[in-house]
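Visitor:
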Amino acid sequence: MQLLFNLFIVFFSTFLFSTQNISAQSLDFNAGKEIFSQNCTACHEGGQNVVVSEKNLSKNALEDNDMYSIDAIINQVTNGKGIMPAFGARLSDDDIQNVAQYVLNQAETSSW
Ligand SMILES: *[C@@H]1O[C@H](CO)[C@@H](O)[C@H](O)[C@H]1NC(C)=O
Ligand SMILES: *[C@@H]1O[C@H](CO)[C@@H](O)[C@H](O)[C@H]1NC(C)=O
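Be aware that the sequence shown starts at 1, since it is given in the UniProt record's numbering, and climbs by one per residue.
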């Protein structure tokens, strides 16, 4: 149920973004994009993983690593994992939510 809801959000925000509506969802998408470009591209430019290339941010890789959900991404960004640092102290909850939604959206729509 949660997954369905997340997918719905992803599709819905993609729809809003593609119709260029100014709305909370598209602003969140842009906020997530901004946070990603400032905090994540050092290792994840274009959805890559410069440290462990198969653990990139493509849909397949996220699925293979049980990371294809908003909750899993939020958890990893907040707490870190392996060599990836924790961002919980550096970013607000809203920032983390937005960047997780952005990552999931890029993966879902193969937009990296
Ligand atoms: C992370 O992103 C925020 C919001 O875009 C930015 O203000 C901040 O400087 C970034 N932090 C780092 C460590 O890059
Ligand atoms: C991303 O990860 C997937 C699955 O692990 C892999 O098949 C693919 O080659 C990777 N892509 C890049 C560009 O490294």
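Don't be surprised by glycine CBs; every beta carbon is placed ideally from N, CA and C.
1) Name the two residues that bound the continuous alpha helix (DSSP H) containing D94.
2) How is K81 classed by DSSP in three states: helix, strand or coil?
3) Please indicate yes or no: does the CB of D94 lie closer than 8 Å to some heavy atom of ligand 2?
4) Would you check whether ligand 2 has a heavy atom nearer than 8 Å to the C-beta of A72?
5) In angstroms with no decimal places, state the Cα-to-Cα distance between residue 113 and L27.
6) What separation, rounded to the nearest whole angstrom, lies between the Cα atoms of E54 and A61?
7) For ligand 2, which residues count as neighbours when the test is a C-beta closer than 5 Å to any heavy atom?
Guide: So, from the listed chains and residues:
1) Here the alpha helix (DSSP H) through D94 covers D93 to E108.
2) Strand.
3) Taking non-hydrogen atoms of ligand 2 into account, the C-beta of D94 is found less than 8 Å away from none of them.
4) No, since every heavy atom of ligand 2 falls outside the 8 Å radius drawn around the Cβ of A72.
5) The requested residue 113 does not occur in the structure, where the chain is confined to residues 1 to 112.
6) So the two alpha carbons sit approximately 7 Å from each other.
7) For ligand 2, the selected residues are S53, E54, N56, S58, N60 and A61.
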